[in-house]
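Protein chains in written order, with my numbering: chain A, 13 to 295; chain B, 113 to 374; chain C, 2 to 355; chain D, 439 to 769.
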């Protein structure tokens, strides 16, 4: 065990850096959320109020957006797990020659700029986009499906962004399972399905949970994609905060919303990492 | 040999997901060749004009340079700061390491618009506004979580006695890290650096507040032109960027084989 | 070569003392085993010698040099880890060359010394391989070669054989001992395996709960255990509940059952005290019917090649395990045979349970 | 890379003016019409910082009286807000040679800004799909357009102005938006999209997804030049005027240079150049627009009928209206 002063010396640069360039700016923003905002006049100096927070809790619109954001986070996370697991399993356990190409194809789309990627989706998902045109030409639907400015479009766009993150974390988790355990279960008479549900899945749960936390957090604070694929009719917390900051210039409400969102996210991370520890048997 | 190998349905599902991941890439690449002056799919007529336009426009080129510089610079700084701290955390060398971990991850949680405005206010106060240093620091803040996360994971999987063996064999602490630990965690770090690089390369909400008039980044330039209409040159530039980063990715893979360690 | 000494060496973690005031000297070229159950502090001592753990008290000397404050890379030691800790990203050759490169040994000399070291462990053909391509035994020998190549002043082993299967372990014991002898290198060997310690070491240091129990030759430790702990830890003991029936100097009598008493040469507790009675299997001798001894009946016989074990139920109901050579008349007693057991008082230890 | 880093110093160069401009074609036009002339006249250089009105407002506020921009293009309501927050330098007409050529109503309160161009919110339609040009805002409700029209979200100027136009038609006032909100609800529900970026409509028109929209004549003019099938109609109830302004944020060290730039913007040449390229109305009385532009940009009678909403009221009311819109219209 090395002395603590070495640890301090190693960790201090990052700790000080974050203190100077993250904690300080954010702390300076905190008072803003307790200020009063007068439209057209700006932030009233010297006023202190809890009103912004009270309004967030009392206003049914804010509550709706908050639940929608959390719901969206959960839905995208779930979609990423469901779509990502077979792919991760294939990468981790499939033929070795497919490993590298598949991995590259997972990482590759991450390189596409988010704004441009959203344009790509718009071209695909619009009422007269590629998908609707194809379906109509095939005679499968009579009128275009609404694929944008609603949950569907946002789910598709956000799942596409965060799926690679999930796949990469799941691959690592699946690789870490000792194969003997699965063989042991099989010799004890388990079917493939049972081995998967009773052994493989629980053993990858911590990795899956870690990936889920990451995807969830990134989803609920995503801005560009919700703005472009969700539009004004499907607002989430991040776009609402953006609007308060950038459209109405009501920074006090905006920062109060931001701290509420951050608080929610931290609470969820904390709760789920406790859950992970319990699953992993270390709590 | 274990029987838990993917069977045909799994393989089909996996390839379907791979296809899903490539779809918008294909759309954008195709749109880059369209003769229309707006983004459209399928392209109407084929042209290379947009590539020519982008490659001859100094604004796009300098934005690309700026973005790549910023992404590379912040990734390097984040690697140095992040790996050192992760090392201390992983080896339980300091009290309160859980708090430090939480602090490092916090920028992921905070909505980035708020970080952007907060930093603008703060940088105005301390005189860093519009400076490259300030922008670099901001990007380090948003990229360092990915580095620390992957470094912690890599270090956690490492046998602590390897470094001790090196020490007993006569290596100094730094030598032991350089000769033993670093080569072993490098693939994990490459993966973390990849996330960091992409995060920096894609960032709009923080960057947009901190750039100065003479420097802008690619995503900010694209984002600001959205308001005034997007022509296929953004698709062309994205295509170019994808090709370049794709090649970098392949080279990195060749050199480190990092895909096996993600 | 140098000697290795501890002077009141101690280590505490958060006020828990895991190593208490150990003083001993490993002579030049001597092979000393640190023996004890897991958690006794032996590995901590080894890591303090290596410089991987800072002692809380006391000093460590190599020869006349006080190395207590030196970092591990300045101590000139060789250490073979339980996990071998071979560098997975380096070839066998580079693993062995690692320490030499730290010393700045010139290329030609380095090559020669690496090859010598590999030849010494009979792996000269394996220099280009990676550790994962070797068997467990081969990895173990690479670890040896790597530790020896820089010509350390003292060689340290941390349970190096515990990951090998039984037969390989026996072979390696002999090989390792031969190597140590031929090099004449001062060696400290940590193990929890008494047979390993007894068969390999010149002297054995038995530890319990961070306290040195006995430091002596294997013969002394085995035949004249200094403490009750040593008596129960070395050899294969019968452990029975009993009470002290009488005292007589350092000895006395213990009562195992209503009508069963034994003379013991090692009694420390007062009359009436509840004790644990420890008697090694091989100290219990089966004697012919009619001779003096405790009467009982054989209930189980187990043959393991060199020895035969009998479980004998005494008439008073107590069960004891006795052991004899696997040939001769006493080796072929059937289950149900009535026998008598003779036990020398020197072999009976009455200990107050911890 | 390193050289690039070092060549980007924190402090602006002494002879360089930083101008906050909208991006895309707007920036191209500013470069062509204003920057070139300014650089030629003064020998100084201009760096354009691209962004939106609200980004500039946010940035000016965050930098609290020490803005890194010397001149900004910004919507008039936000310019008023910046003035209310005391974050701007007043314009000095004495330093502007062309001040006298400007229509009087272009000047902001206390000369806190000056209008740089005149645009409007009007109806834009696809003449291939719409045989009779629309004449009224309410034509949107015509059954033939069901599922084939689009209006903007309140976060964009056109959405807000359409709301105000409807409100006025239904008897509302700037202090009572209820009639407008009620009227716009069904229209918003039927809109193909509540667009947030003006150019979203380009692809909608192009794909024939919409036949008519509440949009900007200048955008329509530029798009028509590129081959988009669109024409402009000013509703008889009167359109609502859009006034992008120029303003000097507080803290600039180049106040004279900033005035010189604004002078170029206001000059007849600058105005004419911008108008012709962008299909936008001029504030310089000496400018006569070409017929092609005059047909689209607000001039003459359409200009006279434009309704210019008091920006001071706007800046105070917009946050409240936005909230109501979010909750009642877009929900």
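The beta carbon of each residue, even a glycine, is placed where N, CA and C say it ideally should be.
From C/200, C/55, C/84 and C/159, residue whose alpha carbon lies closest to that of residue 392 of chain C
In this structure chain C extends from 2 to 355, so residue 392 of chain C is not present and cannot be described.
Residues in the stretch 278-297 of chain B with C-beta within 9 Å of chain C's C-beta atoms, listed in sequence order?
278, 279, 280, 281, 282, 283, 284, 285, 287, 288, 291, 292, 295 and 296
Taking the straight line between their C-alpha atoms, what separation do you get for residue 635 of chain D and residue 284 of chain A?
38 Å
Residue 460 of chain D versus residue 511 of chain D - alpha carbon distance
7 Å
Report the rounded CA-to-CA distance for residue 308 of chain B versus residue 278 of chain A, giving the unit in angstroms.
Residue 308 of chain B and residue 278 of chain A: Cα-Cα distance of roughly 21 Å.
Residue 560 of chain D vs residue 672 of chain D beta-carbon contact at 7 Å:
yes
Between the Cα of residue 81 of chain C and those of C/320, C/222 and C/146, spot the shortest distance and give me the residue it belongs to.
C/146
Chain B contacts made by the stretch 179-205 of chain A, where a contact means CB separation under 7 Å
180, 183, 184, 191, 194, 195, 198 and 204
Backbone CA spacing between residue 271 of chain C and residue 245 of chain C [nearest angstrom]
Distance from the CA of residue 271 of chain C to the CA of residue 245 of chain C, rounded to the nearest whole angstrom, comes to 7 Å.
Report the rounded CA-to-CA distance for residue 610 of chain D versus residue 491 of chain D, giving the unit in angstroms.
Roughly 27 Å between the two C-alpha positions.
Using CA coordinates, which residue listed in A/287, A/266 and A/271 is at the minimum distance from residue 48 of chain A?
A/266
Within the chosen definition, does the stretch 537-550 of chain D reach the stretch 520-529 of chain D through at least 3 CB pairs nearer than 8 Å?
Using a Cβ-Cβ distance cut-off of 8 Å, the stretch 537-550 of chain D and the stretch 520-529 of chain D are in contact, since at least three pairs of beta carbons, one from each stretch, lie closer than that value.
Within chain E, the residues that residue 273 of chain B reaches when beta carbons sit closer than 7 Å:
Given the protein chain composition of this structure (A, B, C and D), no chain E is represented.
In three-state DSSP terms, what is residue 311 of chain C?
strand
Residue 336 of chain B burial status per 10 Å Cβ neighbour count (16 or more: buried)
buried
Chain A beta carbons: is any one of them nearer than 7 Å to that of residue 765 of chain D?
yes
Distance, Cα to Cα, residue 724 of chain D vs residue 189 of chain B?
About 57 Å.
Counterpart residues of residue 574 of chain D in DSSP-defined beta bridges
Beta-bridge pairing links residue 574 of chain D to no other residue.
In or out: residue 231 of chain B buried (at least 16 other Cβ within 10 Å) or exposed?
buried
Near-chain B residues of the stretch 489-519 of chain D (beta-carbon distance less than 8 Å), N- to C-terminal order:
489, 490, 493, 496, 497, 500, 501, 502, 504, 506 and 507
Residue 60 of chain A (DSSP reduced to helix, strand or coil)
coil
Is there contact between the stretch 118-128 of chain B and the stretch 318-337 of chain B, where contact requires at least three CB pairs shorter than 8 Å?
no
State the DSSP-derived secondary structure class of residue 336 of chain B, mapped to helix, strand or coil.
DSSP places residue 336 of chain B in helix when its eight states are reduced to three.
What residue ranges within the stretch 45-126 of chain C form continuous beta strand (DSSP E) runs of no fewer than 3 residues, ordered along the chain?
58-63 and 78-81
Among the residues of its own chain, which have a CB less than 7 Å from the CB of residue 519 of chain D, if the five just before and after it don't count?
495 and 753
Straight-line gap, residue 728 of chain D to residue 714 of chain D (C-alpha atoms, nearest Å)
7 Å
Just tell me which of C/37, C/258 and C/129 has its CA closest to the CA of residue 214 of chain C.
C/37
Three-way DSSP call (helix, strand, coil) for residue 237 of chain C in this model:
coil
Out of A/150, A/105 and A/233, which one is the CA nearest neighbour of residue 189 of chain A?
Cα-wise, what sits closest to residue 189 of chain A is A/105.
Per-residue contacts from residue 755 of chain D into chain A (C-beta, under 9 Å)
51 and 52
Between the Cα of residue 238 of chain C and the Cα atoms of C/134, C/132 and C/323, which residue gives the shortest distance?
C/323
Provide the residue(s) that pair with residue 513 of chain D in DSSP beta bridges, ordered along the chain.
D/682
Within-7 Å CB hit, residue 210 of chain B to chain C:
Output row for residue 210 of chain B: interface = no.
Kindly indicate which three-state DSSP category residue 675 of chain D falls into: helix, strand or coil?
coil
Contacting residues, own chain, Cβ-Cβ under 6 Å from residue 343 of chain C (five flanking each side not counted)
286, 288 and 294
Use the C-beta contact count for residue 363 of chain B: other C-beta atoms within 10 angstroms, 16 or more gives buried, fewer gives exposed.
exposed
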